[in-house]
Structure formats: structure tokens, C-alpha cells
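So the sequence shown is numbered by the numbering used here: it starts at 179 and just counts up by one. Cβ atoms here follow ideal geometry from the backbone N, Cα and C, with glycine treated the same way.
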Amino acid sequence: MPQIKGAIKRVRQNEKVTPKNSAQVSAMRTAIKHAEQAAKENSDNKEALFNDAVRAIDMAESKGLVHKNKAARDKSRLSKVVAK
Numbered sequence: 179m180p181q182i183k184g185a186i187k188r189v190r191q192n193e194k195v196t197p198k199n200s201a202q203v204s205a206m207r208t209a210i211k212h213a214e215q216a217a218k219e220n221s222d223n224k225e226a227l228f229n230d231a232v233r234a235i236d237m238a239e240s241k242g243l244v245h246k247n248k249a250a251r252d253k254s255r256l257s258k259v260v261a262k
């Protein structure tokens, strides 16, 4: 258990932020899966789902939840799947 006031505050903040970050990364992965599934089925809304997935990836990248290279790689792979 931390004794220093600043360390105690960091523990408190981490307890709040960790679930939010996990939820955002999970939402990003789900959006990617939905876009890939729509592309495989060649459904009508694949472009909209692709845009949602790219937005989710960009949001996770901007908040520092995923590395910028991983975000670029995910978007590139997803665009290749949707373009087929």
C-alpha cells in the first residue's frame, strides 16, 4: 500500500481509468470484427462499419491505448479486406 500522498492518488486514478481504457480497446476490437464480418458477407453496410472501425482505431490511438504503428497496421489490413 502506498504511503506517499501522490502515490495514493495515482492508485485511485488508475482504478477509475483502467476499466475505461479496457472498454475502449474492447470496443475497437469489436468494431474491427464487425467490419471484417460484413466484408466477408459482402453486406450493404460494410462501408459504414469500416468507417466506424477506423474511427474506433483512431480514438484508441489518440488516447495512447494502442501504438500508432499497430493502429496503422490494423487500418491497412481492414481496408484490404473491405476492398476485396
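(message) Could you check whether the stretch 191-207 touches the stretch 230-244, counting it as contact only if at least three pairs of C-beta atoms, one from each stretch, sit closer than 8 Å?
(response) yes
(request) Please look up how many angstroms separate the CB atoms of I182 and L256, rounded, as I've assumed it's under 8 Å. (result) With 8 Å as the limit, I182 and L256 do not qualify as a contact, their Cβ atoms being about 44 Å apart.
(request) Leaving out five residues on either side along the sequence, give the residues of the same chain with a beta carbon under 7 Å from the beta carbon of V189. (result) Here the set comprises P180.
(request) Would you give the residue range spanned by the alpha helix (DSSP H) that D181 belongs to? (result) The identity of residue 181 in the sequence shown is Gln, whereas the question assumes Asp. Run containing Q181: none; DSSP gives neither H nor E here.
(request) List the endpoints of the continuous alpha helix (DSSP H) containing V260. (result) K246 to A261
(message) Taking the straight line between their C-alpha atoms, what separation do you get for K218 and L227?
(response) 12 Å
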